[in-house]
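Student: Please see the structure below; I have some questions.
Residue numbers (the numbering used here): 731 to 975.
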């Protein structure tokens, strides 16, 4: 299956590609309390909407890193008429290849810790990129309960890939970060995220019955949605964590 195309279609109606309400995300952005001209990095920035909102709110300078050039290409369109593009620098490269010439006052990595090879490597890498006293806002999954083997098979995941919400905080403390705030996705947040995800694919399939990807997309989304309703809704959690360096 063309997973890149599937993901782009599935997320076309999402403002953010994660299961958190805009109210919760806006709350966390407000808690960053950044001064004007602060340097902010977003790793795995997608369409750069979070950076654009931070620039609108605080007049910061934003740097976005995203390996998916097609997803990133939506950033300038979103920024038009909202911010000065001089305040937004976008890099269509992998996180591993990004070598900044400055330190940052804050860094974001929302649902993209795979960019550095996992949660702990991300915490370590961001510690080298964020100045002492700076902040990170990191989004990471966790298990609400032990996952069923069938659900792990659907995800293509191992049970030790995630831990618990509490462990996401304690592991950051062990890595030298100070926890400031955390919030988790509610069942409603998850239902909205997964509902838009399913709806976008089903609408695409209905509108493009002759597309060569449609049969595989339809089979996958129906299997995925059934797995979410049976296992995922009560098993997979997502947290947003604010830490200070």
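All C-beta atoms, glycine included, are put in the ideal place defined by N, C-alpha and C.
From a predicted model like this one, the values you see are computed outputs, not experimental measurements.
Looking at the strands, I want to know which residues DSSP matches up with residue 794.
Tutor: Paired residues: 772, 820.
Student: Are the beta-carbon atoms of residue 860 and residue 825 separated by less than 8 Å?
Tutor: Cβ distance not < 8 Å, so residue 860 and residue 825 don't count as in contact.
Student: Taking the continuous alpha helix (DSSP H) assigned at residue 835, which residues delimit it?
Tutor: That residue, residue 835, is in no alpha helix (DSSP H); its beta strand (DSSP E) goes 834-840.
Student: Tell me, to the nearest whole angstrom, how far the beta carbon of residue 957 is from that of residue 884; I am working on the premise that it is less than 8 Å.
Tutor: Sure, about 4 Å apart at Cβ, within 8 Å.
Student: Taking residue 978 and residue 893 to be in contact with their CB atoms under 8 Å, please state how far apart those CB atoms are, rounded to whole angstroms.
Tutor: Given that the chain is displayed from residue 731 to residue 975, the structure contains no residue 978 and the question cannot be resolved.
Student: May I have the straight-line CA-CA distance separating residue 845 from residue 852, to the nearest angstrom?
Tutor: Approximately 8 Å, taken between the alpha carbons.
Student: So what does residue 970 bridge to, in DSSP terms?
Tutor: According to DSSP, residue 970 bridges with 869, 913.
Student: Please name the residue, chosen from 970, 971, 973, 948, that lies closest to residue 732 on a Cα-to-Cα basis.
Tutor: Among 970, 971, 973, 948, the Cα nearest to that of residue 732 belongs to 948.
Student: Run through the DSSP bridge pairs and tell me what residue 860 is partnered with.
Tutor: DSSP, once it has assigned bridges, lists 834 as partnering residue 860.
Student: Tell me, please, whether the segment 793-800 touches the segment 812-822 by the rule of three or more beta-carbon pairs shorter than 8 Å.
Tutor: With a cut-off of 8 Å, the segment 812-822 and the segment 793-800 count as touching, because enough Cβ pairs lie within range.
Student: Pick helix, strand or coil for residue 965, following the three-state DSSP scheme.
Tutor: Residue 965: helix per DSSP, three-state reduction.
Student: Just tell me which of 932, 854, 964, 745 has its CA closest to the CA of residue 878.
Tutor: The shortest C-alpha separation from residue 878 is found at 964.
Student: Is residue 773 near the ligand NAD, in the sense that its beta carbon is under 7 Å from a heavy atom of that ligand?
Tutor: No copy of the ligand NAD appears in this structure; indeed no ligand is present at all.
Student: Which whole-angstrom value describes the C-beta separation of residue 829 and residue 970, a residue pair presumed to lie in contact below a C-beta threshold of 8 Å?
Tutor: At roughly 27 Å, the Cβ-Cβ gap does not stay under 8 Å, so residue 829 and residue 970 are not in contact.
Student: Determine the direct distance from the alpha carbon of residue 779 to that of residue 745, and round the result to whole angstroms.
Tutor: Between residue 745 and residue 779, the C-alpha separation is close to 8 Å.
Student: Relative to the alpha-carbon of residue 809, which residue among 834, 832, 782 has its alpha-carbon at the smallest distance?
Tutor: Comparing Cα-Cα distances from residue 809 to each of 834, 832, 782, the minimum goes to 782.
Student: Tell me which same chain residues have a C-beta within less than 6 Å of the C-beta of residue 946, skipping the five on either side of it?
Tutor: Correct list, in chain order: 731.
Student: Alpha carbon to alpha carbon, what distance is there between residue 800 and residue 943?
Tutor: The straight-line gap from Cα to Cα measures roughly 18 Å.
Student: How would you write the range of the alpha helix (DSSP H) that residue 957 sits in, first residue to last?
Tutor: Residues 944-957.
Student: Beta-carbon within less than 6 Å of residue 924's beta-carbon, same chain only, minus the 5 sequence neighbours each way: which residues are those?
Tutor: 958.
Student: Considering residue 898, what are the terminal residues of the alpha helix (DSSP H) in which it resides?
Tutor: It spans 895-904 - the alpha helix (DSSP H) in which residue 898 sits, taken as one unbroken run.
Student: Report the rounded CA-to-CA distance for residue 759 versus residue 931, giving the unit in angstroms.
Tutor: Computed Cα separation, rounded: 30 Å.
Student: Please report the Cβ distance between residue 850 and residue 905, rounded to the nearest whole angstrom; I am assuming they are in contact, meaning their Cβ atoms lie under 8 Å.
Tutor: Indeed, because the Cβ distance is near 7 Å, the residues count as touching under 8 Å.
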